[in-house]
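Participant:
Residue numbers (the numbering used here): 882 to 1168.
1. Measure the CB-CB distance between residue 1060 and residue 1004 and report whether it falls below 8 Å.
2. Whose C-beta lies closer than 7 Å to the C-beta of residue 972 among residues of the same chain, with five residues either side of it excluded?
3. Over what stretch of residues does the beta strand (DSSP E) that includes residue 912 continue unbroken?
4. According to DSSP, simplified to helix, strand and coil, what is residue 1010?
5. Expressed to the nearest angstrom, what Euclidean distance is found between the alpha-carbon atoms of residue 1141 and residue 1132?
6. Have a look at residue 1002 and residue 1026 and give me their C-alpha separation to the nearest angstrom.
7. How many Å lie between residue 1114 and residue 898 at the Cα?
8. When burial is assigned at 16 or more other CB atoms within 10 Å of the CB, is residue 1000 buried or exposed?
9. Just curious, the alpha helix (DSSP H) that residue 940 is in, first and last residue?
10. Just to check my reading of the structure: residue 1016 and residue 894 have Cβ atoms closer than 8 Å, yes? What is that Cβ distance to the nearest angstrom?
11. Where do the N-terminal and C-terminal ends of the alpha helix (DSSP H) with residue 1043 fall, by residue?
12. Taking 7 Å as the cut-off, does the CB of residue 1097 come closer than this to any heavy atom belonging to the ligand GTP?
13. How would you label residue 912, buried or exposed, when you count the other beta carbons within 10 angstroms and need 16 or more for buried?
14. Based on the DSSP output, what are the partners of residue 1005 in its beta bridges?
15. Just how far apart, CA to CA, sit residue 1076 and residue 1009?
16. Taking 7 Å as the limit between beta carbons, can you name the residues of its chain near residue 1033, skipping five residues before and five after?
17. Which of the three DSSP states is assigned to residue 1077 in this structure?
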């Protein structure tokens, strides 16, 4: 079996990007949200063009879904590149206060510049930007301390831009997830599919699950990835030792034990288990 070709650019994303371009001049701060499991794959190639000298806050959400060691490795990697990552778990609220404080500080610096020019102070206008399903709306709800915008762990929930007020000092613009119109990096596209950050209609579940198993085999060689193949045996009861040469056969064996030999259903179960962190804390990208 060959690796799947993955492309996804639904109409609401194309529309959102046009709306985004019209609103960029109104914002002072870009709060970019990425997925901790795949922080590089969830970096938009147009980000530099959108920032255009604006203040930029790099938020890496779902810190609970990778190991502490992997987070430390990534934190050092970003800092070595003169970027400050702000780690959070928007679902539980971990790290959100620090993000609010950093946003507020950006607003204070903005108003100091406005004051020096004889202008009145105003709330900082921040845009939350990121790929679909990385947790932008969940982060906003935590910052506001109420369910101000729709949020769910699936792609495409937010479909239009909306301003949300956070206290007296911060106005947030919640934007739909944006993707490049063409996913040229197919490995990154595969990682987006694994993490449910693009629509399921974009890929063949069985082919993606097979590629996922191959990635797991590679990750086991990296001690801070947080993965051991023993977890698969314990979870699914397949006695065959998984290796790169028998991935499809392993999936068939697992299907025969759990889904009446339906490999597509077994593939979906494997992906669902990973997304719910039943296979352990795995960073799919490692520095």
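Just so it is clear, CB atoms sit at the ideal spot from N, CA and C, and this is done for glycine as well. Every value quoted in this text rests on a predicted model; they were computed, and no experiment measured them.
Facilitator: Working from what's here:
1. Sequence index remark: in the chain shown, residue 1060 carries index 179 (1-based). Sequence index remark: in the chain shown, residue 1004 carries index 123 (1-based). No; because the gap between Cβ atoms is not below 8 Å, this pair is not in contact.
2. Within the chain shown, numbered from 1, the residue matching residue 972 stands at position 91. 1019, listed in sequence order.
3. Within the chain shown, residue 912 is the residue found at index 31, counting from 1. 910-916 is the extent of the beta strand (DSSP E) around residue 912.
4. Counting from 1 along the chain shown, the entry for residue 1010 is found at position 129. Residue 1010 falls in the strand class under three-state DSSP.
5. One-based indexing of the chain shown puts residue 1141 at position 260. One-based indexing of the chain shown puts residue 1132 at position 251. Approximately 12 Å between the Cα atoms of the pair.
6. Position 121 of the chain shown, counted from the start, is the residue given in the question as residue 1002. Position 145 of the chain shown, counted from the start, is the residue given in the question as residue 1026. If you take the alpha carbons of residue 1002 and residue 1026, they lie about 24 Å apart.
7. Against the chain shown, residue 1114 aligns to sequence position 233. Against the chain shown, residue 898 aligns to sequence position 17. The alpha-carbon atoms of residue 1114 and residue 898 are separated by roughly 44 Å.
8. As a position in the chain shown, residue 1000 is number 119, starting the count at 1. The residue is exposed, with fewer than 16 neighbouring Cβ atoms inside 10 Å.
9. Along the chain shown, read from residue 1 onward, the residue named residue 940 stands at position 59. No alpha helix (DSSP H) contains residue 940, which is instead part of the beta strand (DSSP E) from 936-942.
10. Here residue 1016 is taken as the residue at index 135 of the chain shown, counted from 1. Here residue 894 is taken as the residue at index 13 of the chain shown, counted from 1. With 8 Å as the limit, residue 1016 and residue 894 do not qualify as a contact, their Cβ atoms being about 17 Å apart.
11. Your numbering for residue 1043 matches position 162 in the chain shown. First-last for residue 1043: 1043-1047, but that is the beta strand (DSSP E), not the alpha helix (DSSP H).
12. As for the ligand GTP, it is missing from this structure, which has no ligand bound.
13. Stepping through the chain shown from its first residue, residue 912 is reached at position 31. Label assigned to residue 912: buried.
14. Residue numbering aside, residue 1005 sits at position 124 when the chain shown is read from its first letter. Residue 1005 pairs with 1051.
15. Walking along the chain shown from the start, residue 1076 turns up at place 195. Walking along the chain shown from the start, residue 1009 turns up at place 128. Roughly 20 Å between the two C-alpha positions.
16. Looking up residue 1033 in the chain shown gives position 152. Note that residue 1033 scores a pLDDT of 42, beneath 50, so its modelled location is shaky; the value from the coordinates is reported in the next line. Hits under 7 Å: none found.
17. As a working mapping, residue 1077 is identified with position 196 in the chain shown. In this structure, residue 1077 counts as coil in the three-state DSSP scheme.
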